[in-house]
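Numbering follows my numbering, in which position 240 of the sequence shown is assigned residue number 279; successive positions increment by one, without gaps.
For glycine and all other residues, C-beta sits at the position ideal for the given N, C-alpha and C.
For reference, the structure discussed in these notes is given below.
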Amino acid sequence: MLESSFHDPLSAQINTKTRSHHTVLNRLIISRLQLCLPPNTSGPEIYAGGIAQFAHIFLAFEEVWDELIGADAINKGLEETWEALEEQYPNGSAADLFSFLQTLRPQGLARTQRILVDSAYFHGMERANEVLNGLKKSKAVDEFVAHIRSEVHANPHLLVAYAWTLYMAVFSGGRWIRAQLHGAGKDFWTASTTAESAKTDDGEKASLEELREIEPLGLSLWFFEGEQDGEDIKAEFKRRLNEGEYILTPAQRDDIMLESQDIFDRFKAMVDDLDAAFQATCFDHAPLETPSTNGTAKVKTFEQKASEYLFDIPGYADAFLLLTNHIVLVPQLELIHEMYDNAVLAAFATPGYDGKSRGSDL
């Protein structure tokens, strides 16, 4: 059993407990992202097929959340779920949890509508539509969705694990992913005949206005409304979580941390299934080699100037050295803690660094 401490915020505890899990998943996603973009492919169909699998998890989690806190929850028989929780709350009641979950998610944070818009966009493209129709939900996705529907319905406090893990991924690592997607060029996302020659980036950091050029091209998942690009929404979400977590028992906090670890493990299983599916249907070559955790890691340098990214979604798990204005991925677990301080120092020494880090809030 995990030993929760009320001295640290729940979010910090989740980050700590998922650190190694997150490192593994980061490495997998970063290497596969390259396969979705030029020069490895000339159109967005591989990205569309891959993101569709992860979208199922967002959709299932937010649907269950809406069912549990909706005005018609009692009509759906969910009152038994809440009544069964009454004895678990020495500091409050199931009604407190219900209220907490009703108010935890600020307006503009949910991703379902954006995911549906993105899906419709890609279904309107011939090649992407073919991939989406041919790439059904994998076994890992089916099992993950079934798990969400059963376990979260029975234990509503687990929603916190999904909210923190999934939304923070969009806010932090998602910023870096979005920059890579933008670097593919607008023509790539419209399946233009010139997309094949698109460059990944010209070395200059894109402004939010420039990034938004690709938002309606099936990529709205990675964007938030407003001039603050979701930073205000993120701050409000974190405030609500920090102020409301006191109602959770030590056992429930442990449940949330264990579920967070399980989320990363299940995402890894989804990536493995995607590798097999794309190998059979889309790829002309095998996925890029992934460094072994225990072996000598291959250091990958991304040709993008991105001095404000430390890519530290939960627990700054994958240290990025900001050297010569490039991001260098260091996947070896044993080097992460030693190199994190060096990464911070390098960031502050980088010309043009504005004193802000995309990941400094976790």
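Handout entry: C-alpha gap between His162 and Leu287, whole angstroms
Key = In the sequence shown, residue 162 corresponds to position 123, counting from 1. In the sequence shown, residue 287 corresponds to position 248, counting from 1. Each residue's alpha carbon lies about 42 angstroms from the other.
Exercise for the section: Apply the 10 Å Cβ neighbour rule to Asp294 and answer buried if 16 or more other Cβ atoms are within range, or exposed otherwise. Expected result: Counting from 1 along the sequence shown, the entry for residue 294 is found at position 255. Classification of Asp294: buried, given that the 10 Å Cβ count is 16 or more.
Exercise for the section: Work out the CA separation of Gln152 and Asp268 for me, nearest whole Å. Expected result: On the sequence shown, position 229 is the one that residue 268 refers to. On the sequence shown, position 113 is the one that residue 152 refers to. Using only the alpha carbons, I get a separation of about 17 angstroms.
Exercise for the section: Buried or exposed for Ser177, please, with buried defined as at least 16 other CB atoms from any protein chain shown within 10 angstroms of its CB. Expected result: If you number the sequence shown from 1, residue 177 lands on position 138. With 16 or more other Cβ atoms within 10 Å, it is buried.
Exercise for the section: Have a look at Leu76, Leu220, Asp301 and flag the residue whose alpha-carbon is nearest the alpha-carbon of Ala179. Expected result: Locating residue 179 in the sequence shown gives position 140, where the first residue counts as 1. Answer by Cα proximity: Asp301.
Practice task
Return the CA-CA distance between Glu248 and Gly88, expressed in angstroms with no decimal places.
Solution key: Position 209 of the sequence shown, counting from 1, holds the residue named residue 248. Position 49 of the sequence shown, counting from 1, holds the residue named residue 88. About 27 angstroms.
Exercise for the section: Quick one: measure Cβ to Cβ for Phe276 and Tyr206, integer angstroms, because I've assumed they're closer than 8 angstroms. Expected result: The sequence position of residue 276 within the sequence shown is 237, counting from 1. The sequence position of residue 206 within the sequence shown is 167, counting from 1. Between Tyr206 and Phe276 the Cβ distance is about 7 angstroms, and since that is below 8 angstroms, they are a contact.
Handout entry: Alpha-carbon spacing of Gly147 relative to Trp104, whole angstroms
Key = Residue numbering aside, residue 147 sits at position 108 when the sequence shown is read from its first letter. Residue numbering aside, residue 104 sits at position 65 when the sequence shown is read from its first letter. C-alpha separation (whole angstroms): 15 angstroms.
Problem - Within 7 angstroms, strictly: CB atoms of Gly82 and Arg217 - result: Position 43 of the sequence shown, counted from the first residue, corresponds to residue 82. Position 178 of the sequence shown, counted from the first residue, corresponds to residue 217. Their beta carbons are not under 7 angstroms apart, which means Gly82 does not touch Arg217 by this criterion.
Handout entry: Member of Ile154, Thr57, Glu254, Tyr86 whose CA lies at the smallest distance from the CA of Glu102
Key = In the sequence shown, residue 102 corresponds to position 63, counting from 1. Nearest option by C-alpha distance: Ile154.
Handout entry: Beta-carbon spacing of Gln141, Ile187 below 7 angstroms
Key = Your numbering for residue 141 matches position 102 in the sequence shown. Your numbering for residue 187 matches position 148 in the sequence shown. Taking 7 angstroms as the Cβ cut-off, Gln141 and Ile187 do not qualify as a contacting pair.
Practice task
In the DSSP assignment, find the unbroken alpha helix (DSSP H) run with Ala245 in it and report its ends.
Solution key: Numbered from 1 along the sequence shown, position 206 holds the residue referred to as residue 245. Note, Ala245: premise wrong, no alpha helix (DSSP H); not H, not E.
Handout entry: Option nearest Lys244 by Cα separation, candidates Glu264, Ala99, Gly222, Thr229
Key = Position 205 of the sequence shown, counted from the first residue, corresponds to residue 244. Cα-wise, what sits closest to Lys244 is Gly222.
Problem - Close beta carbons around Leu197, own chain, < 8 angstroms, minus the five adjacent residues each side - result: Your numbering for residue 197 matches position 158 in the sequence shown. Scanning its chain for C-beta atoms nearer than 8 angstroms, with the 5 sequence neighbours on each side dropped, one finds around Leu197 the residues Glu190, Val191, Asp294, Ile295, Glu298, in chain order.
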